[in-house]
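Remarks on the structure that follows.
Protein chains in written order, with this note's numbering: chain A, 11 to 436; chain B, 11 to 436.
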């Protein structure tokens with residue numbers, strides 16, 4: 011023990027806190043808020059939270075639970091009846107075996123493979139910590155949801171971004187060379203936030219083969235599973251179940267938020283390859299957040315009692331096509347996205363980068379979109395141990411537009427944006 | 011990049027996940043559950059969740075919010091009206107300045123110093139990550155809430171346990187020698203889970219002086235702030251506000267769970283010394299859990315509209331005295347605890363350690379208590395980088411008993427326990 015007086019240091023934040031990049035949504039969110047505070051009307055195409063009302067059955071489920079005294083701690087991985095209902099729901103969704111059997115040894119989908127979480131966010135963070143130590147690396151998509159980078163920064167895990175082409179599809183050639191002995195996992199997010207791209211079945215299978223080849227876990231962020239509009243959807247989860255139990259490697263993360271219009275209820279879950287993995291992931295929840303909100307779990311149990319996701323999908327599908335049509339009519343060439351609730355538009359023809367574009371569009375047309383820069387953060391490691399993140403070129407020339415707003419606002423917002431693009435492209 | 015084929019490794023958990031100690035409550039929890047599944051009645055003195063009903067106004071607040079469409083994402087640090095209400099509540103509670111002013115530059119308690127969280131658990135984890143990097147150390151009480159150790163393990167932070175005497179008061183002599191240049195913070199938990207000890211004002215002031223001397227942050231776990239029955243209570247937060255802004259160092263973590271009988275709603279908050287610290291702590295929440303449950307925040311806003319904590323305190327106070335009286339009447343010498351909802355009883359006179367005691371008590375008397383071993387985890391670092399935790403002697407000879415059960419059950423449980431102690435002590 012060092013008994014000499016310590017030199018005075020200032021009371022500082024940790025390196026990980028200081029290094030953690032800020033969400034790029036926040037800057038435009040605040041700027042839009044300021045405009046609105048000045049009495050201006052802003053068309054909000056920046057937030058990924060559609061205008062859907064939460065289904066009545068969820069409100070009733072939560073209220074009923076509170077009235078029944080379900081306001082105490084619940085088991086950390088979730089209440090058994092919810093975990094079992096999720097297992098049944100996912101089994102049906104993906105054609106996996108479900109018999110009602112809950113013996114952890116039985117190779118059927120059951121509550122023993124399900125760990126609930128505070129939204130998909132906590133599930134992704136828990137999964138990362140479950141499989142990666144500080145100094146390990148994880149393969150992330152080159153264009154990605156910013157939370158991934160924040161999570162790796164806090165956990166001391168090194169993100170390796172795998173390249174994507176102009177259609178935001180992974181470039182499989184050269185992937186093997188990105189791995190080294192520290193690489194523990196690859197993250198797949200299809201359909202993607204922010205790009206809306208859906209990876210074709212062949213790509214999913216090749217990524218899975220790649221994961222086998224390098225002994226990697228696969229974290230599959232399936233938040234937008236219920237928003238696939240065209241193209242064939244194959245989840246890494248389905249591929250996992252084609253293999254014997256001891257070969258499986260997919261931690262599939264789902265979100266009630268998106269599928270059941272309940273973003274503010276903060277409930278998600280992970281489907282794990284084996285019971286022991288689900289149990290360990292559940293244990294990780296103890297120090298991260300403790301048990302989940304008990305009444306909300308009963309709300310989500312009610313959510314699963316009816317499959318009305320197609321209603322929301324149809325509604326968003328219509329808006330997706332409207333947005334593409336208006337852009338195309340105005341000379342901006344864009345194909346409808348295959349999934350999700352976003353367009354990630356290359357606006358470099360305007361001579362602006364995504365940040366400039368978002369700022370000027372907000373100022374000149376009162377339309378809020380998110381600069382792409384925050385969705386493509388590349389780390390640079392400095393000698394002093396700090397990390398600096400800078401946007402890659404692919405993301406920096408794009409902006410993200412959410413089409414989850416009411417149709418009249420969407421039409422007006424996209425029209426203004428098309429006008430803005432035309433003005434700057436001339 | 012390493013292009014040679016990688017040797018096959020097995021798909022394993024991270025070291026941090028493997029090293030993280032299991033909650034000691036779980037083993038006895040499962041054993042009790044098994045007994046009950048066999049039709050036996052178990053008196054549950056093991057769970058720290060009193061039998062209080064959640065106040066009606068919280069149920070109404072949550073329901074009203076859902077009906078009003080407050081089911082979408084909310085600001086990550088909490089909705090402004092809740093943060094401001096918490097500021098006012100805490101200011102009143104601790105006699106701190108509150109003017110309604112929300113300018114972050116003004117030195118009054120306001121929403122700018124408050125960050126809400128998913129229970130105290132997430133606040134403690136976020137605070138730890140905010141100020142400690144991997145390799146840093148933090149001083150924790152020798153007898154402690156197990157989550158602390160789980161959190162340091164996941165974060166790669168080294169816990170240094172500060173010694174306590176037989177009354178579970180910190181031994182201040184020699185504290186300076188425990189610190190080295192890696193030490194970033196000291197955690198204070200008074201009243202304590204599991205010990206029920208309240209640190210006297212002089213001790214709090216000496217710990218604060220110690221923190222100044224070594225330039226440490228103070229994390230003050232105030233989960234049991236509303237359960238002080240005797241003795242003078244001084245929060246590190248009060249000491250903090252005696253000093254100028256740039257000297258303050260206390261992150262004070264509070265829990266709606268305990269104060270407002272809403273453990274299953276998972277809401278807590280942190281009072282930060284400055285606005286920039288609260289803002290940074292809020293940012294940490296983004297990747298850890300994302301925004302909080304929106305309706306529950308309105309529920310907690312309703313909770314704060316009425317100060318009925320004294321009702322629950324009076325109820326627990328009565329049970330606290332009942333438990334001590336029965337134990338004393340049966341020849342087991344114990345003083346009523348000063349705070350919290352637990353007795354941490356040295357049962358070594360029985361010739362059993364805490365683990366043996368808890369197992370046998372459950373088997374022979376069907377009374378569940380928690381072995382003390384899990385509340386005193388000392389790390390040993392191995393050459394391969396792994397950490398092994400073993401219980402220190404002080405904790406290992408104790409068991410934790412929660413007196414938050416209905417009085418008739420408490421009386422019966424403590425009587426059986428006293429009988430059991432007498433039998434083994436003879």
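Even glycine gets a Cβ: it sits at the ideal position worked out from N, Cα and C.
In this text, all values refer to a predicted model and were calculated from it rather than measured experimentally.
Separation of residue 394 of chain B from residue 363 of chain B, as counted between CA atoms: Linking residue 363 of chain B to residue 394 of chain B through their CA atoms gives a straight-line distance of about 31 Å.
Straight-line Cα distance separating residue 66 of chain A from residue 72 of chain A: Between residue 72 of chain A and residue 66 of chain A, the C-alpha separation is close to 10 Å.
C-beta atoms of residue 142 of chain A and residue 236 of chain A nearer than 9 Å: no
Residue 327 of chain A versus A:372, A:416, A:285 and A:255, residue with shortest Cα-Cα distance: Per the Cα distances, A:416.
Minimum Cβ-Cβ distance from residue 18 of chain A to chain B less than 9 Å: The predicted position of residue 18 of chain A is uncertain, since its pLDDT is 47 and thus under 50; a value taken from the coordinates is nonetheless stated next. Answer yes: the Cβ-Cβ gap between residue 18 of chain A and chain B drops below 9 Å somewhere.
8 Å Cβ shell around residue 306 of chain B - same chain, five flanking residues per side excluded: Excluding sequence neighbours, residue 306 of chain B sits near 72, 275, 276 and 277.
Residue 279 of chain B: contacting residues in chain A (beta-carbon distance under 9 Å): Those within 9 Å of residue 279 of chain B in chain A number zero; the least Cβ separation is about 14 Å.
Contact set between residue 275 of chain B and chain A, taken where Cβ atoms lie within less than 8 Å: Within 8 Å Cβ-Cβ: 81, 303, 304 and 305.
Pairwise C-alpha distance: residue 357 of chain A and residue 260 of chain B: 47 Å
C-beta contact flag for residue 349 of chain A and residue 210 of chain A at 9 Å: no
With 16 other Cβ atoms within 10 Å as the buried cut-off, status of residue 386 of chain A: buried
Listed by chain order, chain A residues near residue 135 of chain B by CB distance under 9 Å: The answer, in chain order, is 297, 298 and 299.
Per-residue burial, residue 197 of chain B [other beta carbons within 10 Å of its own, 16 or more giving buried]: With 16 or more other Cβ atoms from the protein chains shown falling within 10 Å of its own Cβ, residue 197 of chain B counts as buried.
Burial state of residue 232 of chain B (16 or more Cβ within 10 Å): buried
Beta carbon of residue 131 of chain B nearer than 9 Å to that of residue 298 of chain A: yes
Limits of the beta strand (DSSP E) - the one that residue 410 of chain A falls within: 408 to 412
Delimiting residues of the alpha helix (DSSP H) encompassing residue 424 of chain B: 417 to 435
Residues near residue 414 of chain B by beta carbon distance below 6 Å, same chain, minus five either side: 60 and 351
Limits of the unbroken beta strand (DSSP E) element including residue 126 of chain B: First-last of the beta strand (DSSP E) with residue 126 of chain B: 124 to 127.
Cβ-based burial, residue 63 of chain A [other Cβ within 10 Å; buried from 16]: Looking at its Cβ environment, which holds fewer than 16 other Cβ atoms inside 10 Å, residue 63 of chain A is exposed.
Whole-angstrom distance between residue 409 of chain A and residue 281 of chain A, CA atom to CA atom: Looking at the two C-alpha atoms, the distance is approximately 32 Å.
Chain-ordered neighbours of residue 126 of chain A on chain B, where CB pairs are closer than 7 Å: Correct list: empty, because the minimum Cβ distance to chain B is about 12 Å.
Residues of its chain near residue 140 of chain A, where Cβ-Cβ distance is below 7 Å and the 5 sequence neighbours each way are ignored: Excluding positions up to five away in sequence, the list reads 290, 291 and 294.
Where residue 101 of chain A falls, given that 16 or more other Cβ within 10 Å makes a residue buried: buried
Residue interval of the alpha helix (DSSP H) (run including residue 34 of chain B): Here the alpha helix (DSSP H) through residue 34 of chain B covers 34 to 47.
Beta carbon proximity, residue 251 of chain A to chain B, threshold 9 Å: no
Inside the segment 307 to 359 of chain B only - beta strand (DSSP E) runs reaching at least 3 residues: 352 to 356
Against chain B: residues of the segment 350 to 362 of chain A by CB proximity under 8 Å: none
Contact check, residue 194 of chain B vs residue 24 of chain A, beta carbons under 9 Å: yes
Any 3 or more C-beta pairs closer than 8 Å across the segment 50 to 59 of chain B and the segment 239 to 248 of chain B: no
Simplified DSSP state of residue 131 of chain B, which is helix, strand or coil: Residue state, collapsed to three classes: helix.
Beta-carbon gap between residue 171 of chain A and residue 156 of chain A smaller than 9 Å: no
Presumed contact (8 Å Cβ cut-off) between residue 160 of chain A and residue 138 of chain A, rounded CB distance: Incorrect: roughly 11 Å between the Cβ atoms, too far for contact.
Collapsed DSSP secondary structure at residue 11 of chain A in the structure displayed: Because the pLDDT at residue 11 of chain A is just 39, under 50, the model does not fix this residue reliably, and the value given afterwards should be weighed accordingly. If DSSP states are grouped into helix, strand and coil, residue 11 of chain A belongs with coil.
Which residues DSSP lists as bridging residue 231 of chain B, in chain order: According to DSSP, which records beta bridges pairwise, residue 231 of chain B is partnered with B:263.
Boundaries (first-last residue) of the beta strand (DSSP E) holding residue 391 of chain B: 387 to 391
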